[in-house]
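Visitor: Residue numbers (our numbering): 151 to 534.
One structure, pasted below without further comment.
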Amino acid sequence: MAIQYVMAREVKEGMCVAQNICDDKARILIMRGQRLGHHHIVRMRKFGISGVFIDPDHGEKVVPPSRTEIRKLCEKVLTSSCEKLTQEFAAKKVTLDRKAITDCTDNLVEALMKAKKPLVTLLDIDTGSDRLMQHSVNTAVLATVLAIDLRVPEEMIKQLAVGMLFHDVGTIFFPEELMKKKTPPTADEVCLLRRHTLLGFEHLVRSDAISPIAANVVFRHHEMMNGSGYPEGVASNRLTTLMRIASVVETYDSLTSSRFGIPAVLPDVAITFIINHVNTLFAREVVLSLCKRIAIYPKGTAVQLSTGERGVVAGVLPTAPTRPIVLIQIDRTRRALKSPLIVDLSQERDYRIVRSAASIEALSREGDAAVAPVQVNPLYATLG
Ligand SMILES: [Fe+2]
151 MAIQYVMARE VKEGMCVAQN ICDDKARILI MRGQRLGHHH IVRMRKFGIS
201 GVFIDPDHGE KVVPPSRTEI RKLCEKVLTS SCEKLTQEFA AKKVTLDRKA
251 ITDCTDNLVE ALMKAKKPLV TLLDIDTGSD RLMQHSVNTA VLATVLAIDL
301 RVPEEMIKQL AVGMLFHDVG TIFFPEELMK KKTPPTADEV CLLRRHTLLG
351 FEHLVRSDAI SPIAANVVFR HHEMMNGSGY PEGVASNRLT TLMRIASVVE
401 TYDSLTSSRF GIPAVLPDVA ITFIINHVNT LFAREVVLSL CKRIAIYPKG
451 TAVQLSTGER GVVAGVLPTA PTRPIVLIQI DRTRRALKSP LIVDLSQERD
501 YRIVRSAASI EALSREGDAA VAPVQVNPLY ATLG
């Protein structure tokens with residue numbers, strides 16, 4: 151759809167600005183690519199802006215995976231299911247609420263299908279939930295988005311969402327000390343942790359609350375394309391699209407979260423690791439979809455450009471996830487700028503990002519000597 155001019159009185163929250171909005175001194179008030187929030191609309195009125203160019207193709211599409219009612223509902227269902235699973239551990243029959251499970255995951259899938267081609271960022275989630283809850287819902291969101299992108303039938307996407315919500319449920323049967331350990335697991339602990347796929351599968355099948363398709367996602371979410379995964383080490387010819395999606399999103403969210411004292415890596419590092427293992431560990435079509443649908447440089451990421459300038463990502467256009475809009479704060483001679491410069495990398499093709507960090511301070515602290523890429527240990531990447 152073509153870019154439209156919308157009068158200020160008619161703009162709505164969620165609309166995407168197609169051109170920079172400037173004041174009468176040509177200072178940028180709202181950047182191109184910004185989705186309008188309430189405060190932006192108030193600001194426009196304060197500065198007497200009469201109207202804006204809106205990009206209808208990019209409005210209201212970024213997935214807000216955090217703090218939503220659907221997310222809370224998924225966490226609630228998972229929490230009560232985990233309680234039942236542990237309480238009825240010794241019983242032959244576990245009774246999970248099948249309707250509650252399908253209701254919450256159906257809601258999640260339907261909301262994401264309505265969003266159409268969303269760009270997902272999982273880094274800014276701070277729900278106050280524990281690691282299992284966050285990871286389970288994160289992966290359900292991301293897997294659903296990739297499955298939509300890969301045109302998986304809706305009914306299968308719903309099975310995938312259930313499988314992802316429960317994929318790590320087997321870990322609740324491990325000692326709390328192990329799961330809360332602040333140092334990387336030993337070889338014996340790795341062997342034990344790897345049993346979570348089988349444990350989760352067995353208990354869920356016994357509960358009769360999830361379908362065999364969803365249960366098989368739980369069982370096989372750590373299998374790899376070349377047969378090097380677990381629990382059975384089967385290769386690509388026995389891995390369905392749902393299982394292939396599961397292993398990619400599980401790895402991505404595990405790498406970008408800190409676990410067992412292993413620090414989280416930034417999205418670009420996680421994506422690079424996954425790309426480097428296309429066809430050996432991960433399915434090409436799923437990785438391509440991940441690259442399109444994840445915000446590789448989420449808002450707030452500090453980046454160094456090929457020019458030596460450093461700044462912070464201010465926004466990402468869904469059409470150019472690897473080329474964000476950057477607010478330059480440090481110039482190429484390492485001097486702090488009095489007012490930041492805006493560089494839209496989707497337009498400025500001569501610039502490229504050479505490294506990223508959680509903050510400008512971290513970039514400066516690391517200095518130029520730290521340009522060496524962060525190494526990811528494959529053992530820990532496919533652990534959780
Ligand atoms: Fe897992």
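Positions of the beta carbon are idealized from the N, C-alpha and C atoms, including for glycine.
1) What three-state label does DSSP hand R185 in the structure shown?
2) According to DSSP, what are the bridge partners of G465?
3) With H, G and I counted as helix, E and B as strand and the rest as coil, what does DSSP make of A359?
4) Which value, in whole angstroms, describes the spacing of the CA atoms of N170 and R182?
5) With three or more beta-carbon pairs closer than 8 Å as the criterion, would you say the stretch 306–324 touches the stretch 365–373?
6) Where T391 and R434 are concerned, what is the direct C-alpha to C-alpha distance, given to the nearest angstrom?
7) I503 bridges to which residues according to DSSP?
8) According to DSSP, is K264 helix, strand or coil?
9) Name the one or two DSSP bridge partners that V167 has.
10) For D500, count neighbouring C-beta atoms within 10 Å of its own C-beta (all shown protein chains included) and say buried if the count is 16 or more, exposed if not.
11) Relative to ligand 1, what is the chain-ordered list of residues with a Cβ closer than 7 Å to any of its non-hydrogen atoms?
12) For A486, does the three-state DSSP call read helix, strand or coil?
13) Taking only three categories from DSSP, how would you classify R193?
14) Among the candidates R345, A470, D418 and M157, whose CA atom is the shortest distance from the CA of G379?
15) Under a three-way DSSP split, which group does D256 fall into?
16) Less than 8 Å between the beta carbons of L529 and V312, yes or no?
17) With DSSP as the reference, please indicate the residues paired to M157 in a beta bridge.
18) Is V453 closer than 8 Å to V476 when the C-beta atoms are compared?
19) Going by DSSP, what residue range makes up the alpha helix (DSSP H) through L228?
Guide: Let me spell this out:
1) strand
2) Note: G465 sits in a beta bridge opposite I475.
3) coil
4) 5 Å
5) yes
6) Going from the Cα of T391 to the Cα of R434 covers about 11 Å.
7) L455
8) Of the three classes helix, strand and coil, the one that applies to K264 here is helix, per DSSP.
9) I204
10) exposed
11) Around ligand 1, the residues selected by a Cβ distance under 7 Å to any of its heavy atoms are H317, D318, H346, T347, H371, H372, E400 and G534, following chain order.
12) Correct three-state label for A486: strand.
13) helix
14) R345
15) The DSSP-derived three-state label of D256 is helix.
16) no
17) G201
18) yes
19) E219 to Q237 is the extent of the alpha helix (DSSP H) around L228.
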